[in-house]
Every structure is written in C-alpha cells, then in structure tokens.
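Colleague: Sharing a structure here in structure tokens format.
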Amino acid sequence: MSTHNTDSADSTTTLHYIYDPLCGWCYGAAPLAAAARDVMPVIGHGGGMMTGANRKQVNPTLRNYVMPHDHRIAGLTGQAFGDAYFNGLLLDETAVFDSAPPIRAILAAEEIAEDGGGLDMLSRLQVAHYVEGKRIADDDVLQALAVELGLDADEFAQAYGRIGEEKLQQHIAASRRLLAQVGGHGFPTFVLEQDGRFEMLDAGRWLGEPDAWREHLAAYTRR
C-alpha cells in the first residue's frame, strides 16, 4: 500500500509499516504513520496478530488484559480511547477480535482507491475500534466504513470478496517474513528501505512526537 509515487530524489526511500489493526500500540503510533506519509511513500503490511487460533472472544479476561496497556498507550502517545470502547465493546461478550476481516478491508480499499487508500482505511478502522467501539471484524461495519471513506459500496464489496482466505494468508505470511528479515518482534514495526537496503527504525522513542519523527524521516530523503 503506497501513498504516492515520485520521480524526485527521494524516490528510492520508502517506509514499510508492519501493523495490525487490533494492535493498541499501532493505534498509538498512528500519528507517526500519518506524519511519515508527508515525507515519503509508506507501504503497509498487515501482520495478522489475531487470526485463526489467535482470534479472541471478548470476555472479562481479555478486558482486564488490554485495559492497562491501553491506558499506558494513551498516556504515552496522547491518543484517545473512547468510552464506547472501554465500557461498550470491551463489555460485549458477543464480539470477536479477529484481524483477518479488517486486513481484508484494508487490502480491498488499497485495490480500488487512490494511492494510500489502504492506510486511510487502517486509520479509520483504528478510530472505529478504539474510539467508537465498533466491531471491525463484522462485514457490515467494514462496508459502512468504506462508504464513509468515500469508496463505492459495490466496488468495495466486490474487492473485499475477491480477497479470499488464500490471498489474505499470503499477505500476512509476507508481512511476517519481512518482520523476521529485519529482526522485528511485533507490531508496530517501521522499516526504512533505501536503495534495496532495509533498516528497522526505533519508532518507540518518537511516540507522541510526530513532528520530530517527520523531521527525522525527512533527513533520510536528503542524504
């Protein structure tokens, strides 16, 4: 998922963003991903943190596990977590946390939208989940969010349908290969690619400081 193409001197500098839509730290890093898009092409790679056997039914154990992490993320990054999430979604024991449908939606948006459509969808999904408490593993929710982003409903539904289980798993496997290749251990991981060389960046030190992160990345394009 690339945001733009350029023929300028920075055309050989790309940022790879390995994320998961249900990763709280990725939501915390959302301002960094947005800032990076101002500077260079950004390619998203969905990691599939909660897929298959790792899907989670919402229950008190899950709620008690994620809430302290979420409060810490909010404190470190300034990202808002909504009451509809803490006291709505996290109390809805009919909800399932499954990364596969939202990653499919991101891939579908990338297929039919202008450059960066996938990352726009990721950003919208994060707000829907962590602020609005929406069930982003539900197809009807994903469809509604796509329309809200300005995507054609039929086009999105068709693209979403074309991305079957095999294609989705190939994407997740490729994302995890990249993560292993650069020595990453989880999400989010930002990887700078310059002239075919890959370098993992320590984005943790920039959490809550998107402007400083933007300047840090801009320096790579001037080298």
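Positions 1 to 223 (the UniProt record's numbering) are the ones given, in order, by the sequence shown.
Every residue gets a Cβ at the ideal spot worked out from N, C-alpha and C, and that includes glycine.
Bear in mind the structure is a predicted one, so any value in this text is a computation, not a measurement.
1. Along the chain, which unbroken stretches of the alpha helix (DSSP H) at least 4 residues long are found entirely within the stretch 154-206?
2. State the Cα-Cα distance for the pair residue 42 and residue 51, rounded to the nearest angstrom.
3. Residue 77 by DSSP, collapsed to three states: which one?
4. Could you spell out where the alpha helix (DSSP H) holding residue 145 opens and where it closes?
5. Going by DSSP in three states, residue 22 sits in which element: helix, strand or coil?
6. Would you list the one or two residues that DSSP bridges to residue 44?
7. Quick one: measure Cβ to Cβ for residue 188 and residue 29, integer angstroms, because I've assumed they're closer than 8 Å.
8. Between the Cα of residue 107 and those of 219, 20, 217, spot the shortest distance and give me the residue it belongs to.
9. Is it buried or exposed, residue 210, if we count other Cβ atoms within 10 angstroms and call 16 or more buried?
Modeller: According to the data block:
1. Within the stretch 154-206, the complete alpha helix (DSSP H) segments at least 4 residues long are 165-181, listed from N- to C-terminus.
2. Taken atom to atom, the span from the alpha-carbon of residue 42 to that of residue 51 is near 24 Å.
3. Helix.
4. The continuous alpha helix (DSSP H) containing residue 145 extends over residues 139-148.
5. Of the three classes helix, strand and coil, the one that applies to residue 22 here is coil, per DSSP.
6. Per DSSP, 17.
7. The Cβ separation is near 5 Å, so the contact holds.
8. Closest option to residue 107, Cα to Cα, is 20.
9. Residue environment: residue 210 is assigned as buried (16 or more neighbouring CB atoms within 10 Å of its CB, all protein chains considered).
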